[in-house]
Each structure stands twice: as structure tokens, then as C-alpha cells.
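Visitor: Numbering (our numbering), first residue to last: 508 to 978. Each residue gets a CB set at the ideal place from its N, CA and C atoms; glycine is no exception. In this text the structure is predicted, and so the values were computed from the model without any measurement.
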Ligand code: GLN
């Protein structure tokens with residue numbers, strides 16, 4: 508089954524395959540899957556949509572995404588469907604409205620197959636913090652798919668849908684994409700509306716895309732990007748037709764951070780794979796230079812101070828009154844709040860709410876939150892300076908390949924360090940993409956990350972596409 512949306516549409520138009528059969532095949536495969544990726548599939552609706560959209564493809568009235576079957580991470584709202592952020596506190600919560608991204612997908616005739624497992628409230632790097640149980644990596648079920656959008660990556664890698672949406676606050680699209688061997692894209696902050704996304708760290712959160720190739724990623728991006736009156740942080744910059752500009756004929760300038768490629772935490776085979784790609788790019792005539800970046804070891808601490816602070820504020824709304832779960836021991840206001848939150852949130856979410864409340868508390872605000880804001884500014888300035896001189900920054904996506912289940916569960920710091928190369932783009936608001944480059948000798952995929960200037964997604968897609976084909 509071809510995975511390029513454009514080809515699928517043509518083959519349906521020519522009667523070579525039926526969209527209903529495509530959807531049915533995904534549903535059958537999902538029912539047998541051992542990865543625990545989809546936590547719910549919308550069988551009847553998806554099949555009914557397939558009949559309608561197939562007719563539209565045949566009479567020429569179909570939207571841009573006709574033929575595409577997509578999964579949604581379980582923190583993206585879809586009207587009249589359950590959305591829980593994989594948390595007990597939102598057990599059986601039904602969304603009253605569509606997220607802007609959901610509405611835009613449907614308006615262009617994408618078929619939504621179901622909702623995908625994730626780490627609770629998108630907090631995690633292994634998709635192990637979920638009320639639905641862990642998701643497994645399709646390349647090796649004993650290994651994690653990455654997180655927090657682990658199942659969004661696993662489902663595309665396993666062939667349970669053509670593409671999926673996730674969210675990326677610190678790497679939650681790119682890290683699982685690297686672990687599962689698919690493309691994972693995080694846009695510039697403000698490029699895609701956050702309306703209808705369950706908030707984690709609002710100044711970091713962005714919707715991201717998983718697909719098998721850049722062309723599909725680019726088409727989905729051009730559909731869901733753009734200003735939205737419901738999200739004041741969405742940009743009014745116009746959205747180019749990314750998928751029609753996928754060739755880049757000029758030679759580009761690429762920077763890489765020497766201490767990233769040689770970082771002590773990095774697996775030697777990943778380091779070598781990245782160095783090989785750097786050489787291959789030079790052979791093609793591109794300029795690739797090592798540049799000084801002194802903040803690598805400050806990235807993860809800065810990210811975790813700021814995002815836990817934002818999370819503690821965002822998650823205050825789950826109080827046993829407004830949404831979802833209420834404790835059976837709720838007898839008055841205090842016990843409603845305390846018992847509902849104690850029983851409803853998982854361990855990692857509680858750890859972050861407490862950390863965030865601490866860093867925002869009056870005695871520590873300046874030392875932690877205020878300081879981290881300043882470091883974020885320095886990181887952003889330095890990044891912008893580098894991108895004034897270079898088209899792209901290249902790095903590994905992750906320091907290691909997908910690890911085994913349980914390997915880091917008891918050591919949050921170890922877990923947090925797996926985000927070391929991805930949080931940079933979220934701290935500085937730039938777009939970034941992870942592409943699969945080769946397999947490690949342990950059989951697991953390795954990802955290469957490219958990031959670009961703010962709102963330079965066009966060049967990023969075009970160059971990433973050429974890298975996937977040429978190096
Ligand atoms: N792994 C990171 C975290 O746990 C990133 C999560 C994300 O991007 N949602 O916060």
C-alpha cells in the first residue's frame with residue numbers, strides 16, 4: 508500500500524483501490540496490533556467517511572487530504588469524542604468542540620481513525636506514564652516508542668494509519684519519530700493553532716506531524732497551519748504551499764554544535780552516523796561548520812524549570828469540579844480538590860506539578876523561574892545569531908536509540924536527559940524535524956534533526972526531503 512497521499516488519491520480515483528478497503532485494512536491491523544497504540548478507533552465513522560470521500564475523489568470535489576487516514580494523539584480535541592490526555596482525571600471526558608487542527612483536517616477530507624495513547628498530559632519520554640498502559644515500539648516490543656507522542660510514532664511506523672498528529676513541547680514528536688524510524692515535525696511556535704489542545708506548557712506546546720515521508724508531512728502542515736482567531740499566539744504570517752516547493756537546488760549553510768555531536772551522553776554509533784552525514788553533505792557541496800554553543804548542558808534544566816511552572820498553572824483546572832474524575836471521598840471543597848487530584852493524577856504529573864509550584868513560589872521564583880526565563884532568552888538570542896549566518900542547525904535527534912521498558916522509570920533525571928537535543932527548538936521557538944537515517948547495530952532506528960529559522964518551514968521541508976533522498 509503506497510503511503511504518499513497524492514499517490515493514494517490517484518489510485519482511488521482510477522479505481523485501483525477503494526478507500527473503504529484501505530480504512531478496513533488499518534482497522535484490522537490495529538485490532539491485531541501488540542503495540543497498544545490506538546486506545547480507541549472510530550470504526551463506523553471512519554468507514555462511513557471513506558464511502559463519502561471516495562465518491563468525492565471520483566467526482567473531483569475532494570479536499571486536499573482526501574485519501575489520508577490519520578490518528579490523533581489523545582490530547583487533541585475531537586467533537587463528541589473522548590479525550591483524556593491518557594489521564595484518569597479525564598476518564599470518559601467528551602470534547603464539546605473540535606481543536607482547530609482537527610477541524611482543518613476534516614475540512615480537507617482526512618479520515619480520523621482513532622485516538623492514540625501518550626504519556627499523561629504529554630509528560631514523558633517513553634509513553635510509559637499512561638492510564639492505558641505503555642505503548643511498545645513496533646521494531647522491538649520490549650523497547651519504548653519514545654514519548655510523549657509515542658503511540659503517534661508507533662502507529663505510523665507499524666502501518667496502522669498513514670500519518671498522525673502529536674504534540675511537541677520538548678521533543679515529543681521528534682524523539683519518538685527517531686525511536687520508531689519515521690518523520691516527525693515540530694513547527695515554529697505560533698505556526699499551528701493550539702486551540703483545542705490539552706495544555707501542558709503553553710509557551711512551548713505545538714502540534715506536530717508524523718508521516719512516512721516529507722511530502723505527506725508538508726501537505727498536512729499546509730492544511731493545519733495558519734492564523735486562528737481562537738489562539739492569540741498563532742501567527743498571521745501566510746502559509747506557503749510547502750508540498751509544492753520541495754526542491755532546493757542551492758547549496759546551503761549548515762551549523763552543528765561540536766559538543767552536541769561529541770556529547771558524553773551520546774551513543775558512539777549515533778555520533779558516527781551523524782558525522783558520516785556531515786561528510787556526505789560536504790561532498791554534495793554544502794557548507795557544514797562546527798559552531799560554538801555554550802548552553803547544551805543548560806537546555807534540559809531550563810526546559811524543566813519553565814515547563815513544570817507552566818504545567819502547575821495549566822493543570823490547576825483539574826479540580827474534581829469542572830472536568831472529569833471526582834473522588835468518591837469528596838465531602839467538601841478541600842477534600843474534593845485534594846482527593847480528586849491525588850487519585851486522578853499519575854506520579855510523573857504530580858512530580859511536575861509540585862516542582863512547578865516550587866519554582867514559582869515566592870521565596871524561589873527569582874532563583875528558579877526568573878533565572879530560567881533569562882537563560883531561555885540567552886539561548887534564543889544565540890540561536891537566532893547562528894541562524895542569521897546559517898540556513899540550518901544539524902544534530903542527532905536523541906543521544907541513544909529506543910531503550911527498554913522500565914530502564915529509566917525509576918530515575919527521572921536520566922529520563923529527562925533523553926530530551927537534551929530536542930528541547931533546544933522549543934526553548935527558542937524554531938521549527939525542527941527528525942528524519943530516519945539508518946539503523947543502529949541493535950536494530951533500532953537513528954534520527955537526524957534539522958532545525959531552521961522561525962517560519963522557514965519551506966526550506967526545512969525541502970532540505971529534509973533532499974537529505975532523505977540523497978545522503
Ligand atoms: N519528554 C519531554 C517531557 O517529558 C517532552 C514532552 C513533550 O514534548 N510533550 O516533558
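What alpha helix (DSSP H) runs, 4 residues minimum, are completely inside the segment 850-920?
Guide: List check, alpha helix (DSSP H) in window: 854-867 and 878-896.
Visitor: Can you give me the C-alpha to C-alpha distance between residue 875 and residue 866, rounded to a whole angstrom?
Guide: Walking along the chain shown from the start, residue 875 turns up at place 368. Walking along the chain shown from the start, residue 866 turns up at place 359. Their backbone Cα atoms lie some 5 Å apart in a straight line.
Visitor: So residue 450 packs on residue 807, CB below 8 Å; how close in whole Å?
Guide: Absent from the model: residue 450. The displayed extent of the chain is 508 to 978, so no value can be given.
Visitor: Hey, residue 712 and residue 674: beta-carbon distance below 7 Å or not?
Guide: Here residue 712 corresponds to residue number 205 of the chain shown, with the count starting at 1. Here residue 674 corresponds to residue number 167 of the chain shown, with the count starting at 1. In contact: residue 712 and residue 674 (Cβ atoms closer than 7 Å).
Visitor: Going by other Cβ atoms of all chains shown within 10 Å of its Cβ, with 16 needed for buried, is residue 748 buried or exposed?
Guide: Stepping through the chain shown from its first residue, residue 748 is reached at position 241. Residue 748 should be labelled exposed.
Visitor: Can you check whether the CB of residue 688 is closer than 7 Å to the CB of residue 681?
Guide: Your numbering for residue 681 matches position 174 in the chain shown. Your numbering for residue 688 matches position 181 in the chain shown. Not a contact, by the Cβ cut-off of 7 Å.
Visitor: As a quick exercise: from 618, 586 and 623, pick the residue whose alpha carbon is nearest that of residue 607.
Guide: Locating residue 607 in the chain shown gives position 100, counting from the first residue. When only C-alpha atoms are compared, the closest one is 586.
Visitor: Return the bridge partner residues of residue 795 from the DSSP annotation.
Guide: The sequence position of residue 795 within the chain shown is 288, counting from 1. Residue 795 is bridged to 761.
Visitor: Just checking my contact of residue 564 with residue 573 at CB under 8 Å: how many whole Å lie between their CB atoms?
Guide: In the chain shown, the residue the question calls residue 564 occupies position 57. In the chain shown, the residue the question calls residue 573 occupies position 66. Going by Cβ atoms, the distance from residue 564 to residue 573 rounds to 5 Å, so yes, they are a contact pair.
Visitor: For residue 977, which residues from the same chain have a beta carbon less than 7 Å from its beta carbon, with the 5 sequence-adjacent residues on both sides left out?
Guide: Your numbering for residue 977 matches position 470 in the chain shown. Cβ neighbours of residue 977 beyond the five flanking positions: 791.
Visitor: So, are the CB atoms of residue 813 and residue 739 less than 7 Å apart?
Guide: Taking the chain shown and counting its residues from 1, one reaches residue 813 at position 306. Taking the chain shown and counting its residues from 1, one reaches residue 739 at position 232. Result no, Cβ atoms of residue 813 and residue 739 do not sit closer than 7 Å.
Visitor: CB-CB under 7 Å to residue 581, same chain, minus the five flanking residues each way: which ones, in chain order?
Guide: As a first step, residue 581 is located in the chain shown; it is residue number 74 there, counting from the start. The residues are 546, 590, 591, 592, 593, 622, 623, 624 and 625.
Visitor: If we ignore side chains and look at the alpha-carbon of each, how far apart do residue 620 and residue 578 end up?
Guide: As a first step, residue 620 is located in the chain shown; it is residue number 113 there, counting from the start. As a first step, residue 578 is located in the chain shown; it is residue number 71 there, counting from the start. Taking the straight line from one Cα to the other gives about 5 Å.
Visitor: CA-CA distance, residue 629 and residue 793?
Guide: In the chain shown, the residue the question calls residue 629 occupies position 122. In the chain shown, the residue the question calls residue 793 occupies position 286. Approximately 37 Å between the Cα atoms of the pair.
Visitor: What residue ranges within the segment 625-690 form continuous beta strand (DSSP E) runs of no fewer than 3 residues, ordered along the chain?
Guide: Listed in chain order, the complete beta strand (DSSP E) runs (minimum 3 residues) inside the segment 625-690 are 670-675.
Visitor: For the alpha helix (DSSP H) containing residue 694, list its first residue and its last residue.
Guide: By 1-based counting over the chain shown, the position of residue 694 is 187. Element bounds for residue 694: n/a, residue is neither H nor E.
Visitor: Is it buried or exposed for residue 508, if we count other Cβ within 10 angstroms and need 16 for buried?
Guide: Translated into the one-based positions of the chain shown, residue 508 becomes position 1. Only weak support is given to the placement of residue 508: the predicted model assigns it a pLDDT of 41, under 50, and the question is left unresolved by the model.
Visitor: Kindly list the residues whose CB is nearer than 6 Å to the CB of residue 661, restricted to its own chain and excluding five residues on each side of it in sequence; keep chain order.
Guide: Mapped onto the chain shown, residue 661 falls at position 154. Closer than 6 Å at the Cβ level, and outside the excluded window around residue 661, lie 542, 544, 642, 645, 652 and 687.
Visitor: Tell me residue 717's beta-bridge partners as DSSP assigns them.
Guide: Mapped onto the chain shown, residue 717 falls at position 210. DSSP output for residue 717 lists 671 and 691 as bridge partner(s).
Visitor: How about residue 893 and residue 934: do their beta carbons lie closer than 7 Å?
Guide: Reading the chain shown from its first residue, position 386 is the one you call residue 893. Reading the chain shown from its first residue, position 427 is the one you call residue 934. Going by C-beta atoms, residue 893 is not nearer than 7 Å to residue 934.
Visitor: Return yes when the Cβ of residue 512 is within less than 7 Å of the Cβ of residue 780, no when it is not.
Guide: For the purposes of this step, residue 780 is identified with residue 273 of the chain shown, where counting begins at 1. For the purposes of this step, residue 512 is identified with residue 5 of the chain shown, where counting begins at 1. Contact: no.
Visitor: How would you write the range of the alpha helix (DSSP H) that residue 776 sits in, first residue to last?
Guide: As a position in the chain shown, residue 776 is number 269, starting the count at 1. Where residue 776 is concerned, the enclosing alpha helix (DSSP H) stretches over 775-790.
Visitor: Does any heavy atom of ligand 1 sit closer than 6 Å to the C-beta of residue 905?
Guide: Residue 905 sits at position 398 when you count from the first residue of the chain shown. No, the beta carbon of residue 905 sits no closer than 6 Å to any heavy atom of ligand 1.
Visitor: Label residue 952 either buried or exposed according to how many other C-beta atoms from any shown protein chain fall within 10 Å of its C-beta, with 16 as the threshold for buried.
Guide: Indexing the chain shown from 1 puts residue 952 at position 445. By the 10 Å Cβ count, residue 952 comes out buried.
Visitor: Kindly indicate which three-state DSSP category residue 547 falls into: helix, strand or coil?
Guide: Numbered from its first residue, the chain shown carries residue 547 at position 40. Looking at residue 547 - three-state DSSP - the assignment turns out to be strand.
Visitor: Taking DSSP's pairing of strands, which residues face residue 943 in a bridge?
Guide: Position 436 of the chain shown, counted from the first residue, corresponds to residue 943. 954.
Visitor: In the structure shown, what three-state DSSP assignment does residue 541 receive?
Guide: Residue numbering aside, residue 541 sits at position 34 when the chain shown is read from its first letter. Note: residue 541 maps to coil in three-state DSSP.
Visitor: Suppose the cutoff is 7 Å on Cβ atoms and the five residues either side in sequence are ignored; what does the same chain contact list for residue 949 look like?
Guide: On the chain shown, residue 949 is found 442 positions in, with the first residue counted as 1. Answer for residue 949: 908, listed in chain order.
Visitor: Following the continuous alpha helix (DSSP H) through residue 813, name the residue where it begins and the one where it ends.
Guide: Taking the chain shown and counting its residues from 1, the one referred to as residue 813 is at position 306. Counting along the chain, the alpha helix (DSSP H) containing residue 813 begins and ends at 803-821.
Visitor: Between which two residues does the beta strand (DSSP E) carrying residue 580 extend?
Guide: Sequence index remark: in the chain shown, residue 580 carries index 73 (1-based). Segment 576-580, the beta strand (DSSP E) holding residue 580.
Visitor: Residue 576 and residue 530 - do their beta-carbons sit closer together than 7 Å?
Guide: Counting from one through the chain shown, the residue named residue 530 turns up at place 23. Counting from one through the chain shown, the residue named residue 576 turns up at place 69. It is a contact, given that the beta carbons lie within the stated cut-off.
Visitor: With a threshold of 6 Å, establish whether the CB of residue 629 neighbours any heavy atom of ligand 1.
Guide: Within the chain shown, residue 629 is the residue found at index 122, counting from 1. Correct: residue 629 has its Cβ closer than 6 Å to ligand 1.
Visitor: So residue 616 and residue 657 are in contact, right, with Cβ under 8 Å, and what is the actual spacing, rounded?
Guide: The count along the chain shown starts at 1 and reaches residue 616 at position 109. The count along the chain shown starts at 1 and reaches residue 657 at position 150. Contact doesn't hold; Cβ gap of about 28 Å is too wide.
Visitor: The alpha helix (DSSP H) with residue 611 in it runs from where to where?
Guide: Working through the chain shown from its first residue, we reach residue 611 at position 104. Residues 607-614.
Visitor: Whole angstroms is fine: what's the gap from residue 877's alpha carbon to residue 528's?
Guide: The residue labelled residue 877 in the question sits at position 370 within the chain shown. The residue labelled residue 528 in the question sits at position 21 within the chain shown. Each residue's alpha carbon lies about 55 Å from the other.
Visitor: Counting C-beta neighbours from all protein chains within 10 Å, is the total for residue 809 16 or more, i.e. buried, or is it exposed?
Guide: What you label residue 809 is simply residue 302 of the chain shown in a count that begins at 1. Answer is buried; the Cβ neighbour count reaches 16.
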